[in-house]
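> Submitted below is the structure of interest, expressed as structure tokens.
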Amino acid sequence: MPELPEVETIARGLARRITGDRVESVWLGAKKEPLKSSPAEIVAVLEHSAILGARRVGKHIVVDLQRGDAGRTPAQWIVHLGMTGRVLVCEVQEPLAKHTHAVVKLASGREIRFVDPRRFGRLSVSSSAAFAAPGVEPLQVPVEEFVALFHGRKTPIKSALLNQSLLSGVGNIYADESLFRAGIRPRRRAASISRMHLKRLHAALRKVLGEAIKLGGSSVSDYVGAGGEEGFFQLRHRVYGREGEPCLVCKTPVKRIVIAGRSSHYCPRCQN
DNA sequence: ACTATTTCCTGGATGC
DNA sequence: TGCATCCAGGAAATAG
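All the letters of the first sequence, read from the start, carry residue numbers 1038 to 1309 under our numbering.
Okay, structure coming up:
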């Protein structure tokens, strides 16, 4: 599932491939679920716009545009991949994958395709350059600000990490992996965690996200980069998806519990 | 202002 | 073999 490192990988791959290109035309599928803006609005903003770049904001891919009309005003195309979304830059002759919901034809002759079997992903456009995620970026937030996020929160630390209005971009895999590395049980109430452990969590989260970005993300489920390539961080997972397997530190079997409907993996000996 | 629960969606895995 | 059921989970919506 695409979380911060996967979205970062896709956004970088996308930026490298499409920056400086121009949108010729847009095709949108019949299903309305993936669209947050109206089809007419998406077409109006994208068509004939120049692509200035692509970047990650939280779990969103933001494509910065300059409108092709007389105004040359800034605009943005925002893509959220949900669970199974893919954004691929393809040659036109490549066969259209099942569940393709949008095709953006470029002046260079290639196409950006949005494919999403489960349709949890979302497309939208904005007629400004102001898109911002509500939470703070985990790779940029200073440690004191990070610690303060959890002050007074009774919710389990795992739920707090997944809360996008606190932190932008952390999902199930990296929440579990960072909690393991920090030695904190996922069910611990956020407010009950010592300042020292929260500092440790801040460092662990940065480290795990940084390593995952270096390896191109985790390819579980159907995640691939903008060129269709897989990531390799799934080979470094220490607890996620390892229920019953020995902890890599102490050999105790990894436990799986459900928190807020999400499976959560931890070592009952290393995490307290 | 928070927190917890439900809902959306399909493919792959599992069970009888 | 075939059909039904379950499960994965990001985030919006809903309820408390």
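From the three backbone atoms N, C-alpha and C, an ideal C-beta is built for every residue, glycine too. It should be emphasised that the depicted structure is a prediction, and the values quoted were computed from it without experimental measurement.
Relative to the alpha-carbon of Asp1153, which residue among Arg1293, Gln1308, Pro1039 has its alpha-carbon at the smallest distance?
Ranking the options by Cα distance to Asp1153, first place goes to Pro1039.
> I believe Thr1046 touches Gly1262 by the beta-carbon criterion, under 8 Å. Please report the beta-carbon distance rounded to the nearest angstrom.
At roughly 5 Å, the Cβ-Cβ gap stays under 8 Å, so Thr1046 and Gly1262 are in contact.
> Hey, which unbroken runs of the beta strand (DSSP E) at 3 residues or more fall wholly within the stretch 1144-1186?
List check, beta strand (DSSP E) in window: 1147-1152, 1159-1163.
> I think Leu1160 touches Val1116, with their Cβ atoms under 8 Å apart; what is that distance to the nearest whole Å?
About 6 Å separates the two Cβ atoms, so the contact holds.
> Suppose contacts are defined by Cβ-Cβ distances below 8 Å. Is Ala1087 in contact with Leu1072 by that definition?
Contact: no.
> Using CA atoms only, rank isn't needed, just tell me which of Val1178, His1136, Arg1279 is closest to Arg1031.
This structure cannot speak to residue 1031, because the chain is shown only from 1038 to 1309.
> Is DSSP giving Thr1121 helix, strand or coil here?
Residue state, collapsed to three classes: coil.
> Under 8 Å between the Cβ atoms of Phe1217 and Val1257?
Cβ distance not < 8 Å, so Phe1217 and Val1257 don't count as in contact.
> Which partner residues of Arg1092 appear in the DSSP bridge assignment?
Paired residues: Val1099.
> To which residues of the same chain is His1239 closer than 6 Å at the C-beta, ignoring the five residues directly before and after it?
Around His1239: Val1180, Phe1183.
> Candidates Val1126, Lys1288, Leu1252: which alpha carbon is nearest Arg1273's?
If we check each option's Cα against that of Arg1273, Leu1252 comes out closest.
> Please work out which residues of its chain come closer than 7 Å, Cβ to Cβ, to Leu1356, disregarding the five sequence neighbours upstream and downstream, and give them in chain order.
In the structure displayed, the chain extends from 1038 to 1309; residue 1356 sits before or after that span and is not available.
> Hey, could you find the ends of the alpha helix (DSSP H) Ile1043 is sitting in?
First, the residue type needs correcting, since residue 1043 is Glu and not Ile in the sequence shown. Residues 1041-1055.
> Could you tell me the boundaries of the alpha helix (DSSP H) in which His1239 lies?
Its alpha helix (DSSP H) spans residues 1232-1251.
> Determine the extent of the alpha helix (DSSP H) in which Glu1078 is found, giving its start and end residues.
Residues 1076-1083.
> May I ask you to report which of helix, strand or coil DSSP gives Tyr1260?
Tyr1260: coil per DSSP, three-state reduction.
> Please identify the residue among Leu1143, Leu1089, Thr1110 whose C-alpha is closest to the C-alpha of Glu1061.
When only C-alpha atoms are compared, the closest one is Leu1143.
> Based on Cα-Cα distance, which residue from Tyr1211, Arg1243, Gln1271, Ile1079 lies nearest to Ser1164?
Measuring from the Cα of Ser1164, the nearest candidate turns out to be Ile1079.
> Ends of the alpha helix (DSSP H) at Ile1194?
First-last of the alpha helix (DSSP H) with Ile1194: 1194-1199.
> For Ile1221, does the three-state DSSP call read helix, strand or coil?
Coil.
> Within 10 Å of its beta-carbon, does Ser1205 have 16 or more other beta-carbons around it, so buried, or fewer, so exposed?
Classification for Ser1205: buried.
> Identify which residue in Val1245, Ile1230, Asp1058 has its Cα closest to the Cα of Pro1191.
Inspection of the sequence shows that residue 1191 is occupied by Lys rather than by Pro. Taking only the C-alpha atoms, the option nearest Lys1191 is Ile1230.
> Taking the straight line between their C-alpha atoms, what separation do you get for His1302 and Val1291?
In a straight line, the C-alpha of His1302 is about 7 Å away from that of Val1291.
> For Ser1215, which three-state DSSP category applies?
Helix.
> Between which two residues does the beta strand (DSSP E) holding Lys1292 run?
1292-1296 is the extent of the beta strand (DSSP E) around Lys1292.
> With a threshold of 16 other CB atoms inside 10 Å of the CB of Cys1284, please say whether the residue is buried or exposed.
When all chains shown are included, Cys1284 counts as buried.
> Is Gln1271 helix, strand or coil by DSSP?
The answer is helix: DSSP assigns Gln1271 an H, G or I state.
> Starting from the Cα of Leu1089, find the closest Cα among Ala1081, His1097, Arg1054, Gly1122 and give me that residue.
Per the Cα distances, Arg1054.
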